[in-house]
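Written below as structure tokens is the structure these notes are about.
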Amino acid sequence: MSLQTVPWIILFAPLVAATLILFFGKYSKPLSAGLAIATAALGCVLSWLIFLHPPAQEGLHFDWVNFALWQQAGIPAFHIPIGIVVDPLSRVMLLVVTTIATLVFTYSIGYMRTEEGYSRYFAGLTLFLFSMLGIVLADNFIMMFIFWELVGVSSYILIGHYYSKNSAADAGKQAFLVNRIGDFGFMIGILLLWVATGSIVFSEIVGKLTLPGGLASHLPFLTIACILVFCGTIGKSAQLPLHVWLPNSMEGPTPVSSLLHAATMVAAGVYMLARIFPILILAPGAREVIAWVGAITLFVAALMATQQNDIKRILAYSTISQLGYMVLGIGVAPTADVAMFHLFTHASFKCLLFLCAGSIIVAMHHEQDIWKMGALKNKMPLTFLCCFAGAVALSAVPGTSGYFSKDLIIEFSWANTTFHHGLFWLALATAALTAFYTARLFLVVFFGPPRDDHAKHCEESPKVMILPMAILACSAIACGWPVIQKHFFDLPEVVVAPPMFHIMTLVALALGLVGACLLYWNAEKDPISIPLFANRFYIDNFYTEIVKFAQDRVGVVFSWIDRWVIDLGVRISAKLAVGTGFTLRLLQVGNIQAYAFYFGAGVIILIYLLLR
Amino acid sequence: MTVSLDHYLLVSGLLFAIGLAGVLLRRNIIIIFMCLELMLNAANLSLVAFSRYNLTDTGLPNYNAQVFVFFIITVAAAEVAVGLAVIVALYRARRTTHVEDLNRMKF
Numbered sequence: 001m002s003l004q005t006v007p008w009i010i011l012f013a014p015l016v017a018a019t020l021i022l023f024f025g026k027y028s029k030p031l032s033a034g035l036a037i038a039t040a041a042l043g044c045v046l047s048w049l050i051f052l053h054p055p056a057q058e059g060l061h062f063d064w065v066n067f068a069l070w071q072q073a074g075i076p077a078f079h080i081p082i083g084i085v086v087d088p089l090s091r092v093m094l095l096v097v098t099t100i101a102t103l104v105f106t107y108s109i110g111y112m113r114t115e116e117g118y119s120r121y122f123a124g125l126t127l128f129l130f131s132m133l134g135i136v137l138a139d140n141f142i143m144m145f146i147f148w149e150l151v152g153v154s155s156y157i158l159i160g161h162y163y164s165k166n167s168a169a170d171a172g173k174q175a176f177l178v179n180r181i182g183d184f185g186f187m188i189g190i191l192l193l194w195v196a197t198g199s200i201v202f203s204e205i206v207g208k209l210t211l212p213g214g215l216a217s218h219l220p221f222l223t224i225a226c227i228l229v230f231c232g233t234i235g236k237s238a239q240l241p242l243h244v245w246l247p248n249s250m251e252g253p254t255p256v257s258s259l260l261h262a263a264t265m266v267a268a269g270v271y272m273l274a275r276i277f278p279i280l281i282l283a284p285g286a287r288e289v290i291a292w293v294g295a296i297t298l299f300v301a302a303l304m305a306t307q308q309n310d311i312k313r314i315l316a317y318s319t320i321s322q323l324g325y326m327v328l329g330i331g332v333a334p335t336a337d338v339a340m341f342h343l344f345t346h347a348s349f350k351c352l353l354f355l356c357a358g359s360i361i362v363a364m365h366h367e368q369d370i371w372k373m374g375a376l377k378n379k380m381p382l383t384f385l386c387c388f389a390g391a392v393a394l395s396a397v398p399g400t401s402g403y404f405s406k407d408l409i410i411e412f413s414w415a416n417t418t419f420h421h422g423l424f425w426l427a428l429a430t431a432a433l434t435a436f437y438t439a440r441l442f443l444v445v446f447f448g449p450p451r452d453d454h455a456k457h458c459e460e461s462p463k464v465m466i467l468p469m470a471i472l473a474c475s476a477i478a479c480g481w482p483v484i485q486k487h488f489f490d491l492p493e494v495v496v497a498p499p500m501f502h503i504m505t506l507v508a509l510a511l512g513l514v515g516a517c518l519l520y521w522n523a524e525k526d527p528i529s530i531p532l533f534a535n536r537f538y539i540d541n542f543y544t545e546i547v548k549f550a551q552d553r554v555g556v557v558f559s560w561i562d563r564w565v566i567d568l569g570v571r572i573s574a575k576l577a578v579g580t581g582f583t584l585r586l587l588q589v590g591n592i593q594a595y596a597f598y599f600g601a602g603v604i605i606l607i608y609l610l611l612r
Numbered sequence: 613m614t615v616s617l618d619h620y621l622l623v624s625g626l627l628f629a630i631g632l633a634g635v636l637l638r639r640n641i642i643i644i645f646m647c648l649e650l651m652l653n654a655a656n657l658s659l660v661a662f663s664r665y666n667l668t669d670t671g672l673p674n675y676n677a678q679v680f681v682f683f684i685i686t687v688a689a690a691e692v693a694v695g696l697a698v699i700v701a702l703y704r705a706r707r708t709t710h711v712e713d714l715n716r717m718k719f
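Chains C and H, in that order, are what the protein sequence lines are. Going by this note's numbering, the first sequence opens with residue 1, and the numbers climb by one from there. Going by this note's numbering, the second sequence opens with residue 613, and the numbers climb by one from there.
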């Protein structure tokens with residue numbers, strides 16, 4: 001087996017496993033879980049192998065599948081290549097996806113032990129793993145788009161795992177439909193780039209854009225194409241204004257939230273931007289838009305997170321906010337590695353935080369309101385320690401992974417001087433907010449008085465759940481250290497650094513932490529109430545109203561057309577038949593002599609007609 | 613006065629008209645039935661008259677028409693048998709022979 005077949009094995013092993021689980025999983029629970037974990041672990045081992053022994057040339061191209069049938073008809077060939085690219089970017093992403101997947105799959109054994117739909121759950125997870133790896137390895141837009149949609153499908157399946165619950169079924173639908181809006185832009189963007197360059201392969205597009213007379217000289221067109229492609233990210237990575245699906249997707253099982261809706265799937269949008277970064281570099285206008293969308297998202301989502309009460313929703317808004325940082329990183333940093341670095345550390349600590357939340361939720365008998373928890377520190381010491389590691393990393397306490405990755409993005413955002421360094425101040429303010437809502441979550445859940453009976457009697461989770469959390473906790477602290485991250489990333493130097501930057505971030509962090517401690521230490525219930533934040537700026541309500549309004553109006557118009565244009569012909573012919581029948585039936589009087597008369601009259605008329 | 617073909621046809625037409633009027637107007641189904649027979653016999657009369665007045669080249673009547681009349685009489689006899697049986701069955705079932713009471717066959 002040569003090294004070249006390894007990525008194919010990584011990619012297709014989960015698909016095979018998903019099929020097997022689908023058919024045979026119902027006979028045995030250990031079989032489903034075993035198959036899923038085995039493929040994830042295999043992928044993990046092989047990813048490390050590829051990472052440590054990178055293939056000789058960059059951008060390995062394997063066998064292509066060409067759909068060039070049109071060529072015979074004289075039309076220029078349209079290739080949809082199925083190819084794999086193994087460059088530093090995809091190697092790192094492979095590591096993240098397979099490693100996190102292995103840990104979460106293992107954790108799921110513990111989390112799902114009493115849940116129904118066990119094998120369906122693992123089949124969904126492995127299908128997701130296959131789709132996600134497809135995005136990571138795709139070397140062209142169409143293949144990425146196909147797997148992009150597959151990821152959406154598996155996300156839909158997993159969010160709606162408890163499909164008999166209305167809210168879960170609705171959340172799945174919403175996630176799918178909202179993503180469809182973003183994907184529509186994504187698709188148009190792909191088509192624009194294809195029309196302009198005649199290629200859909202990432203590496204080829206860049207080459208063709210920079211040719212003399214290439215698209216790089218038609219900036220407005222390129223900018224629009226890039227922004228349309230970015231629409232895909234807005235949907236998949238839950239940026240404003242399409243962020244509404246992510247908090248609702250928390251209806252799925254917690255490991256799903258951890259793997260899909262925090263660590264990997266939602267990061268696919270950022271990964272896609274990193275993948276097309278050489279194209280984005282040519283369109284500064286598009287990057288400006290990307291940076292601002294990211295900055296507004298990270299700030300607004302953090303504000304929303306400060307007033308949520310559901311433990312998973314806090315983390316969901318935090319995820320949106322952190323994804324905003326990554327998108328901002330794509331917009332401001334000179335290389336994609338800056339954003340990818342934050343993706344890398346965020347995958348560790350956010351996945352960890354969700355696993356901790358899952359551990360707490362199971363112990364609390366599926367109570368998710370943080371104001372019913374409290375004093376879990378002594379009941380669940382291991383979860384407490386892991387959660388602490390995740391929380392400090394998320395708040396970017398110096399020395400933890402989040403500190404290195406997030407501060408780098410904030411530092412780079414100083415270079416953009418629009419609105420007096422507006423991006424920078426938004427990002428810095430959000431750093432304080434992040435510390436605030438993280439500390440709020442942490443203090444309310446683990447300290448203070450127990451606020452509910454469940455909180456008094458909960459127990460630590462089993463080892464199979466603690467082990468993945470412990471591994472992730474180490475990673476959440478350490479994976480950002482320069483000694484470690486230099487093996488994964490090639491980070492650029494900050495050229496225009498803001499003055500007293502480190503002091504400013506420390507002040508922001510301290511402000512957030514101290515504020516949260518003052519407000520929430522031993523608090524019985526939430527001491528502050530800001531309905532605007534708690535109700536998510538009424539964006540969800542706004543969408544509901546819009547959908548209702550637009551749907552009603554459009555529905556009225558279409559119902560009118562249906563009734564008076566399409567139905568008209570149908571109804572006229574029907575009325576004609578009915579009317580004729582009604583008239584004719586008047587002849588049926590029931591008197592035999594009348595019938596005889598008709599008969600005689602008929603004969604006479606016939607004779608008259610014939611002899612005339 | 614010699615009796616010509618026209619006279620026979622006139623009588624035949626009268627008989628047919630009387631029969632038709634009876635079929636259309638009378639109430640009792642047996643009378644209607646008899647009127648039907650009257651119409652058949654009107655046809656018979658005209659056929660026989662045609663036979664008598666249209667001599668062939670040999671000076672004999674055209675017997676084709678007379679054979680036709682025998683067929684009609686035979687068929688009418690069979691029809692009477694069936695028709696009377698139907699009327700008897702109808703009377704047993706409905707206790708009436710008046711057609712205005714037999715008006716179930718309508719919308």
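Virtual Cβ for every residue (Gly too), placed ideally from N, Cα, C.
Rounded separation between residue i and residue j - CA only
i, j, result
"C:Tyr118", "C:Leu353", "23 angstroms"
"C:Tyr598", "H:Val679", "32 angstroms"
"C:Lys486", "C:Pro527", "44 angstroms"
"C:Ser348", "C:Gly390", "8 angstroms"
"C:Ser573", "C:Phe558", "22 angstroms"
"C:Leu15", "C:Val136", "15 angstroms"
"C:Ala171", "C:Gly269", "20 angstroms"
"C:Ala435", "C:Leu509", "6 angstroms"
"C:Gln307", "C:Tyr27", "45 angstroms"
"H:Thr668", "H:Glu649", "30 angstroms"
"C:Met379", "C:Ala41", "Sequence check: residue 379 of chain C is Lys here, not Met. Each residue's alpha carbon lies about 32 angstroms from the other."
"C:Ala316", "C:Thr210", "40 angstroms"
Where residue i meets chain C, residues with beta-carbon distance less than 8 angstroms
i, result
"H:Leu714", "Ile592"
"H:Ile632", "Looking at the sequence provided, one finds Leu at residue 632 of chain H rather than Ile. The answer, in chain order, is Gly600."
"H:Val711", "Asn591, Ile592 and Gln593"
Chain H contact residues for residue i, given Cβ-Cβ distances below 7 angstroms
i, result
"C:Phe599", "Neighbours of C:Phe599 on chain H: none; closest Cβ ~10 angstroms, over 7 angstroms."
Buried/exposed call for residue i, threshold 16 Cβ in 10 Å
i, result
"C:Lys406", "buried"
"H:Ser616", "exposed"
"C:Asn248", "buried"
"C:Tyr608", "exposed"
"C:Cys474", "exposed"
"C:Ile190", "buried"
"C:Met465", "buried"
"C:Phe23", "exposed"
"H:His619", "exposed"
"C:Glu459", "exposed"
"C:Leu52", "exposed"
"C:Tyr121", "buried"
"C:Gln588", "exposed"
Residues near residue i in its chain [Cβ-Cβ closer than 7 angstroms; skip 5 each side]
i, result
"C:Ile592", "none"
"C:Glu58", "For C:Glu58, the pLDDT reaches just 49, beneath the cut-off of 50, and the residue's location in the model is therefore unreliable, although a value from the coordinates is still provided. Closer than 7 angstroms at Cβ, skipping near neighbours: Asp87."
"C:His243", "Thr297, Ala301 and Ile320"
"C:Met112", "Tyr118, Tyr121 and Pro253"
Contact list for residue i against chain H, beta-carbon separation under 8 angstroms
i, result
"C:Val589", "Asn715 and Lys718"
"C:Ala168", "Going along chain H, no residue has its Cβ under 8 angstroms from C:Ala168, so there is no contact; the nearest lies around 57 angstroms."
Neighbourhood of residue i by C-beta, 8 angstroms cutoff - its chain only, sequence neighbours within 5 removed
i, result
"C:Asn535", "Asn541"
"C:Met469", "Tyr107, Leu352, Leu355, Cys356, Ser359, Leu382, Thr383 and Cys386"
"C:Gly569", "none"
"H:Asn715", "none"
"C:Leu491", "Thr335, Asp337, Val338, Phe341, Leu408 and Gln485"
Interface partners of residue i on chain C, CB under 7 angstroms
i, result
"H:Leu636", "Gln593, Ala596 and Phe597"
Answer yes if the segment 621-632 of chain H comes into contact with the segment 562-579 of chain C, meaning at least three C-beta pairs across the two stretches below 8 angstroms, and no otherwise. no
At least 3 beta-carbon pairs within less than 8 angstroms: the segment 333-341 of chain C vs the segment 272-279 of chain C: yes
Report yes or no: do the segment 219-232 of chain C and the segment 250-261 of chain C share at least 3 C-beta pairs separated by less than 8 angstroms? no
Below 8 angstroms, how does it come out for the segment 148-161 of chain C and the segment 249-256 of chain C: are there three or more Cβ pairs, yes or no? yes
Taking one C-beta from the segment 429-448 of chain C and one from the segment 79-89 of chain C each time, how about it: are there three or more such pairs within less than 8 angstroms? no
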